[in-house]
Amino acid sequence: MAVYASFRSIGAYVPEKILSNSDLEKMVDTTDEWIVKRTGIKERHIADEHISTSDMGAMAARVAIERSGLDKSDIDLIICATVTPDYFNMPSTACIISDKIGISNVQAFDISAACSGFVYSLTIAKAFIESGMKKNVLIVGAEKFSSIVDYTDRSTCILFGDGAGAAVISATTNKSEAFVDIHASADGSYADFLVTPAPGSVHPANQKMLDEKLNFVQMKGNETFKLAVKTLTKDVVDILKNNNIKPSEIKHFIPHQANYRIIKAVGDALGMKDEQVVLTVQKYGNTSAASIPMAINDIYESGRLKEGELMLLDTFGGGLTWASALIPFAPKAK
Ligand SMILES: CC(C)(COP(=O)(O)OP(=O)(O)OC[C@H]1O[C@@H](n2cnc3c(N)ncnc32)[C@H](O)[C@@H]1OP(=O)(O)O)[C@@H](O)C(=O)NCCC(=O)NCCS
């Protein structure tokens with residue numbers, strides 16, 4: 542009998558501390574008005590110094606496992622998507638999360654696809670499950686983005702926040718619960734649009750790295766913006782067309798939360814109504830790989846996400862990478 546991947550549960554962790562636009566006005570030459578007008582962001586959450594990416598990922602993972610109705614011993618693969626791992630580059634943050642949540646002796650690894658990391662992880666979970674290799678995959682998108690942000694650079698520090706989201710993806714034989722479609726891609730010729738130059742083999746950690754602030758994220762904001770609108774729109778138009786689904790049939794359009802203007806442009810191009818578009822960018826900012834699962838968790842916790850409803854995910858990030866997915870919510874725990 543054919544086996545399919547299904548989206549079984551969601552969880553998230555949002556750090557308590559808030560960094561508001563008025564806080565940023567005191568740190569760099571910016572205004573609340575400029576930030577809201579250009580990005581839609583009003584505030585973002587920042588993890589305390591002693592909290593790591595794996596701490597947030599583990600907290601989100603516990604919630605997702607609890608809501609899945611499974612025992613943690615049922616999880617047979619752990620994937621963590623992050624560009625702010627606990628350590629550059631070993632051990633992986635997934636290994637540390639597995640230890641923190643008390644799951645041992647299962648395969649665990651990180652993937653690096655920046656803001657597209659969560660949807661990339663969904664493609665991997667699907668492949669493992671539908672090949673019969675795994676049954677219940679825990680995927681985590683977790684970022685302590687504040688650890689790579691230069692809080693003297695007004696062009697980037699206003700955008701990003703910290704947080705984590707997690708999901709359990711399970712095998713099912715019920716086709717109506719299965720992922721409808723998923724697609725991920727990349728174009729490395731735009732690698733310099735969004736980059737943390739060091740530490741790495743190109744620029745190992747040294748005094749020059751500190752002097753030139755190469756350990757902080759650098760972004761070609763305007764170029765990234767234009768490419769994001771173009772790529773995100775094409776990606777969702779294609780996935781809907783390939784599956785013969787009209788935008789009006791989508792219950793929840795959940796785009797990567799980078800900038801309200803990007804989300805609005807893509808939503809408008811598809812003719813989406815406001816109530817179809819999930820928005821969290823105003824309160825979380827851009828949390829990279831955590832952005833989509835945190836947004837799914839938001840509609841789950843507010844009672845908007847119900848069994849069987851179709852989600853359209855659409856994401857874009859450093860690499861450049863992009864991905865989209867058509868997935869029904871298929872909770873089995875009652
Ligand atoms: C970063 C971003 C908000 C900047 O908005 P923009 O409309 O493109 O603005 P520009 O970069 O062209 O800058 C316009 C002006 O605002 C200034 N500016 C930049 N940041 C500012 C800030 N925080 N406050 C006030 N002014 C600012 C610039 O210095 C520039 O001034 P100038 O015209 O005197 O040179 C926008 O480009 C963006 O969101 N890009 C995509 C980022 C993204 O999504 N990245 C992650 C992808 S996963």
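Going by my numbering, the sequence shown opens with residue 542, and the numbers climb by one from there.
Yeah, the Cβ is synthetic: ideal placement off N, Cα and C, and Gly gets one too.
Measure the alpha-carbon distance for K875 versus G849 and round it to whole angstroms. Only weak support is given to the placement of K875: the predicted model assigns it a pLDDT of 46, under 50, and the value that follows is read from those uncertain coordinates. A straight line joining the alpha-carbon of K875 with that of G849 spans about 14 Å.
Is any heavy atom of ligand 1 found at a distance shorter than 7 Å from the C-beta of H724? If you check the C-beta of H724 against ligand 1, you find no heavy atom less than 7 Å away.
Inspect the CB distances between the region 748–760 and the region 809–820 and report whether three or more fall short of 8 Å. No: the two stretches stay apart, fewer than three of their Cβ pairs being nearer than 8 Å.
Start-to-end residues for the alpha helix (DSSP H) that takes in T594: Bounds of the alpha helix (DSSP H) holding T594 are T594 to S609.
Should the region 634–652 be regarded as contacting the region 612–619, the criterion being three or more beta carbon pairs within less than 8 Å? Touching, yes.
Quick one: Cα of F766 to Cα of G859, how far? Cα to Cα, F766 sits roughly 12 Å from G859.
I833: CB within 7 Å of a non-hydrogen atom of ligand 1: False, no ligand heavy atom lies under 7 Å from that Cβ.
Can you give the Cα-Cα distance for I689 and T737, rounded to whole angstroms? Rounded to whole angstroms, the separation of the alpha carbons of T737 and I689 is 8 Å.
Residue interval of the beta strand (DSSP E) (run including Q648): Q648 to I652 is the extent of the beta strand (DSSP E) around Q648.
Let me check understanding here. Comparing Cα to Cα, which of A546, A769, K824 and A599 lies closest to I576? Of the listed residues, the one whose Cα sits closest to I576 is K824.
Beta carbon of T634 nearer than 8 Å to that of D651: Cβ distance < 8 Å, so T634 and D651 count as in contact.
From V778 to L751, what distance separates their C-alpha atoms? Straight-line Cα distance between these residues: approximately 43 Å.
Kindly indicate the opening and closing residues of the alpha helix (DSSP H) around D839. Note, D839: alpha helix (DSSP H), S832 to E842.
Per-residue DSSP class, three states only, for L811: Residue state, collapsed to three classes: helix.
Assuming I833 and F659 form a contact by the criterion Cβ under 8 Å, report the distance between their Cβ atoms to the nearest whole angstrom. Yes, I833 and F659 are in contact; Cβ-Cβ is about 5 Å, under 8 Å.
Where the alpha helix (DSSP H) containing G858 begins and where it ends: Note, G858: premise wrong, no alpha helix (DSSP H); beta strand (DSSP E) at L851 to G858.
Tell me whether I576 counts as near ligand 1, meaning its Cβ is closer than 7 Å to at least one heavy atom of that ligand. The answer is yes for I576.
Excluding sequence positions up to five away, which residues of its chain have a Cβ less than 6 Å from the Cβ of A799? Counting only Cβ-Cβ distances below 6 Å, and skipping sequence neighbours, we find N827.
Give a single yes or no on whether G877 has its beta carbon closer than 7 Å to a heavy atom of ligand 1. Outside the modelled stretch of the chain, which goes from 542 to 875, sits residue 877, for which no answer is possible.
Could you have a look at F757 and say whether DSSP puts it in helix, strand or coil? Secondary structure of F757 (DSSP, three-state): coil.
One or two residues paired with T862 in a DSSP bridge: Partner(s): A727 and G858.
What residue range is occupied by the uninterrupted alpha helix (DSSP H) comprising L565? N562 to E566 is the extent of the alpha helix (DSSP H) around L565.
Straight-line Cα distance separating T625 from P632: Distance between the alpha carbons of P632 and T625: 13 Å.
Contact belief for M835 with T821 at Cβ below 8 Å, rounded distance in angstroms: At roughly 6 Å, the Cβ-Cβ gap stays under 8 Å, so M835 and T821 are in contact.
Are S547 and E718 touching if we call contact CB-CB under 8 Å? When the beta-carbon positions are compared, S547 and E718 come within less than 8 Å of each other.
Indicate whether C656 and A830 have their beta-carbon atoms separated by less than 8 Å. With respect to A830, C656 sits close: the two C-beta atoms are nearer than 8 Å.
For R845, does the count of other Cβ atoms within 10 angstroms reach 16, so buried, or fall short, so exposed? Burial is judged here by how many other beta carbons sit within 10 angstroms of a residue's own beta carbon; R845 has fewer than 16 and is exposed.
Integer Cβ distance of V703 from I587, believed to fall under 8 Å: Note that residue 703 corresponds to Asp in the displayed sequence, not to Val. Right, their Cβ atoms sit about 5 Å apart.
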